[in-house]
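Structure first, then comments.
Number of protein chains: 2
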Amino acid sequence: MNKQIILKNRPEGLPDNNTWELQENPIPEPKEGEVLIKHHYISLDPAMRGWMREGKSYIEPVELDDVMRAGSIGEIIKSNNHPRFKVGDYVTGWGGVQQYAVTNGDNWYAVDPNLAPLPMYIGTLGMPGMTAYFGILEVGKIKEGDIVLVSGAAGAVGSVVGQIAKIKGCRVIGIAGGKEKCSYIKDVLGFDAAIDYKSEDIYEAIKNECPKGIDVYFDNVGGEILDAALSRLRMHARIVICGAISQYNNMENMKGPKNYLSLLVSRATMQGMVVMDYAKDYGSAAREMGGWLAQGKLKSKEDVYEGIENFHETFLRLFSGNKMGKLVLKVIEA
Amino acid sequence: MNKQIILKNRPEGLPDNNTWELQENPIPEPKEGEVLIKHHYISLDPAMRGWMREGKSYIEPVELDDVMRAGSIGEIIKSNNHPRFKVGDYVTGWGGVQQYAVTNGDNWYAVDPNLAPLPMYIGTLGMPGMTAYFGILEVGKIKEGDIVLVSGAAGAVGSVVGQIAKIKGCRVIGIAGGKEKCSYIKDVLGFDAAIDYKSEDIYEAIKNECPKGIDVYFDNVGGEILDAALSRLRMHARIVICGAISQYNNMENMKGPKNYLSLLVSRATMQGMVVMDYAKDYGSAAREMGGWLAQGKLKSKEDVYEGIENFHETFLRLFSGNKMGKLVLKVIEA
Chain Y
1 MNKQIILKNR PEGLPDNNTW ELQENPIPEP KEGEVLIKHH YISLDPAMRG WMREGKSYIE
61 PVELDDVMRA GSIGEIIKSN NHPRFKVGDY VTGWGGVQQY AVTNGDNWYA VDPNLAPLPM
121 YIGTLGMPGM TAYFGILEVG KIKEGDIVLV SGAAGAVGSV VGQIAKIKGC RVIGIAGGKE
181 KCSYIKDVLG FDAAIDYKSE DIYEAIKNEC PKGIDVYFDN VGGEILDAAL SRLRMHARIV
241 ICGAISQYNN MENMKGPKNY LSLLVSRATM QGMVVMDYAK DYGSAAREMG GWLAQGKLKS
301 KEDVYEGIEN FHETFLRLFS GNKMGKLVLK VIEA
Chain E
1 MNKQIILKNR PEGLPDNNTW ELQENPIPEP KEGEVLIKHH YISLDPAMRG WMREGKSYIE
61 PVELDDVMRA GSIGEIIKSN NHPRFKVGDY VTGWGGVQQY AVTNGDNWYA VDPNLAPLPM
121 YIGTLGMPGM TAYFGILEVG KIKEGDIVLV SGAAGAVGSV VGQIAKIKGC RVIGIAGGKE
181 KCSYIKDVLG FDAAIDYKSE DIYEAIKNEC PKGIDVYFDN VGGEILDAAL SRLRMHARIV
241 ICGAISQYNN MENMKGPKNY LSLLVSRATM QGMVVMDYAK DYGSAAREMG GWLAQGKLKS
301 KEDVYEGIEN FHETFLRLFS GNKMGKLVLK VIEA
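For the protein sequence lines, the chains are Y and E, in the order given.
Read in order, the letters of the first sequence are residues 1 to 334 in full-length UniProt numbering.
Read in order, the letters of the second sequence are residues 1 to 334 in full-length UniProt numbering.
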């Protein structure tokens, strides 16, 4: 049987026990030109909260009674004359929160399980890594010597953003919650400084760590931290709007960045990005990131939990901050 | 004697009777290399409210007990060996709210009183016009066919923004307060549509007038109207942050744009601008704008009040909206 997580109700705040339902349905058969994938890992990302909301966004919402959308990685166990993929291939794509998926292969990519652990392909070498890469390089337009501030710095995107900025010769300050994460980004990832938003006054801390101001702020969180970053911009600063995890469960009463007029004072730019726009360049980005991983310049951390039954509580770790690095759920059963 | 408006107290909200003091002081003598200017007109601009606030901004605040800063235009009536200007020249610069000013001429420009009325040199051919020109062309990056929304559309900046966008082949929708202003921008200035924010639901109205969305939003007002514009962005939209007149008297309790995540959804850019950055190109801009004025493609309107004694109540018209076009105070006495 195929265990699936079905969206049953649209939550108002954090998802609760009525939001999803675990169902067991027969494993589907691939039609002509399709393959059947056995999922090993599901990617858990803050953006999923947005897909649960009705209305226009950069992607269609998940419909009620549909399988919850998610990135995934698995092995092809059956092919019905698929032109590209064969049984035994490992592939990553949008398989959803379920143990088996059938697809014609559009937007699925083959990966080599011998080059990197599978969870890394949905983390640093997957969407979060691509988001970091194109966000900081193409939107943030960093150059050597820039002062770069990143929030969610111990997360799947932020940790890669900061490391790429270090590779490019920037001074990098990360914001994360708690001592363990702050030590990790400084001592393991090599950030120049870490700010613990749970124990420090964020305005004071940014002022102390960025006395000359900020050239690039990469924002994953929104809210108070975005306000504080806006208060310390250098001239022609760039703010990359990648997400707003502090606001995703509170969109009706959304907090806008009250210091946005510093864009005017500092002739600064705030720009939104969606990683899918860069799909044609994923390949070259993955090769460069793979090189950095191989040389030890880039470190990748995945926080893996087990059991599709534990999807709901694991998902909530995205918003409680109770995880480190890329959050991944192992759904294959022994 | 020289009547001067002196800043005495920093207001919290709207300026009141304790904010400024009218003083009469002796007319100053120009030192070696300086000139004495007899002011004809003073420019009244929303930005002046910002200069009254303490703290870091794009320009130093006006000090307490100093003459209130303002753009101005007048005639040189005395020169003490000035290298560029001679008696009888008309010049515009930052003379402040007073009847006479002494200067070494830095950042002052000579104008020809026979080519255009003096108030126009501090309006459409002055800072507001330059702000509109560089804001919509360089920051807004308009191109033919773009859908352009502008707030404060009957004002000194907005009216020029909309007309330039029309000249460049855009569809232009203006937002203004009241029937008279809305008729003016449509019937006189040739905007394609007008939205009266005082009598219409701004979200509904923008939706109706921009069914395909907005390519460029030029924002002079902030607040609710910025939120509404953000809700209707097209892909890769540009938002020019020129000012936030709805918020200038309320900075402690600033309202941030709660719909800013539409920047992400629409891969849009929000960018701040300050006109002084374009000073080296003022000359060529003024020549192009002058050409448009001469051909009747660009219309300029100045709303002229009289008497430096009436500075305070005239200034408040900027925030009540009780004026049309560029607000100017005539300070020369008959």
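All C-beta atoms in this analysis are idealised placements derived from N, C-alpha and C, irrespective of residue type, glycine included.
Answer yes or no: does any C-beta atom of chain E fall closer than 7 Å to that of residue i?
i	result
Y:VAL148	no
Y:GLY272	yes
For a contact defined as C-beta to C-beta under 8 Å, what are the partners of residue i on chain E?
i	result
Y:PRO257	GLY256, PRO257 and TYR260
Any beta carbon of chain Y sitting closer than 7 Å to that of residue i?
i	result
E:THR269	yes
residue 336 of chain E	Chain E is shown from 1 up to 334; residue 336 of chain E falls before or after that span and cannot be answered.
Could you please give me the residues that DSSP links to residue i through a beta bridge?
i	result
Y:GLY274	Residue 274 of chain Y is actually Val in this sequence, not Gly. Looking at the DSSP assignment, Y:VAL274 forms no beta bridge with any residue, so it has no partner.
E:GLY178	The partner list for E:GLY178 (beta bridge, DSSP) is empty, contrary to what the question assumes.
Y:ILE206	In the DSSP output, where bridge partners are listed per residue, Y:ILE206 has none listed.
Y:ASN2	Y:ASN25
Y:LEU7	Y:TRP20
E:TYR305	E:LEU329
Y:TYR217	Y:LEU149 and Y:ILE239
E:ILE59	E:ILE59 is not bridged to any residue.
Counting only Cβ pairs nearer than 8 Å, list the residues of chain Y close to residue i.
i	result
E:ASP277	ARG267
E:TYR90	Within chain Y, no residue comes near E:TYR90; the closest Cβ sits about 31 Å away, beyond 8 Å.
Report the neighbours of residue i on chain Y: residues whose CB is nearer than 9 Å to its CB, in chain order.
i	result
E:ALA244	TYR260, LEU261 and LEU264
How would you write the range of the alpha helix (DSSP H) that residue i sits in, first residue to last?
i	result
E:ALA286	282-294
Y:GLN163	158-167
E:SER262	262-265
E:PHE319	311-320
E:ALA228	223-230
E:PHE85	First-last for E:PHE85: undefined, no H or E at that position.
Name, please, each residue of chain E whose Cβ falls closer than 9 Å to the Cβ of residue i.
i	result
Y:TYR58	LEU264, VAL265, SER266 and ARG267
Return the Cβ separation of residue i and residue j in integer angstroms, given the expectation that the two are a contact with Cβ distance under 8 Å.
i	j	result
E:ALA153	E:GLY174	3 Å
E:ASP303	E:LYS330	Incorrect: roughly 11 Å between the Cβ atoms, too far for contact.
E:SER159	E:LYS31	That belief does not hold up - the Cβ atoms of E:SER159 and E:LYS31 are roughly 40 Å apart, past 8 Å.
Y:ASN18	Y:LYS8	7 Å
Y:LEU149	Y:ALA244	That belief does not hold up - the Cβ atoms of Y:LEU149 and Y:ALA244 are roughly 16 Å apart, past 8 Å.
Y:PHE319	Y:ILE5	Going by Cβ atoms, the distance from Y:PHE319 to Y:ILE5 rounds to 17 Å, so no, they are not a contact pair.
Y:ASP76	Y:HIS40	According to the sequence shown, residue 76 of chain Y is Ile rather than Asp. With 8 Å as the limit, Y:ILE76 and Y:HIS40 do not qualify as a contact, their Cβ atoms being about 12 Å apart.
Y:ARG10	Y:MET52	6 Å
Y:SER231	Y:TYR203	7 Å
E:GLU209	E:ILE195	6 Å
Provide the residue span of the beta strand (DSSP E) that contains residue i, from first to last.
i	result
Y:LEU329	326-330
Y:ASN25	20-25
E:THR103	100-103
Y:TYR248	Per DSSP, Y:TYR248 belongs to no beta strand (DSSP E) and is neither H nor E.
E:MET235	233-241
residue 364 of chain Y	Since the displayed chain Y opens at 1 and closes at 334, residue 364 of chain Y lies outside it and no answer follows.
E:TYR109	109-111
E:TYR184	Run containing E:TYR184: none; DSSP gives neither H nor E here.
Y:GLY74	72-79
Looking at the C-beta of residue i, does it have a partner C-beta in chain C at a distance below 7 Å?
i	result
Y:LEU318	Absent from the structure is chain C; the protein chains it does hold are Y and E.
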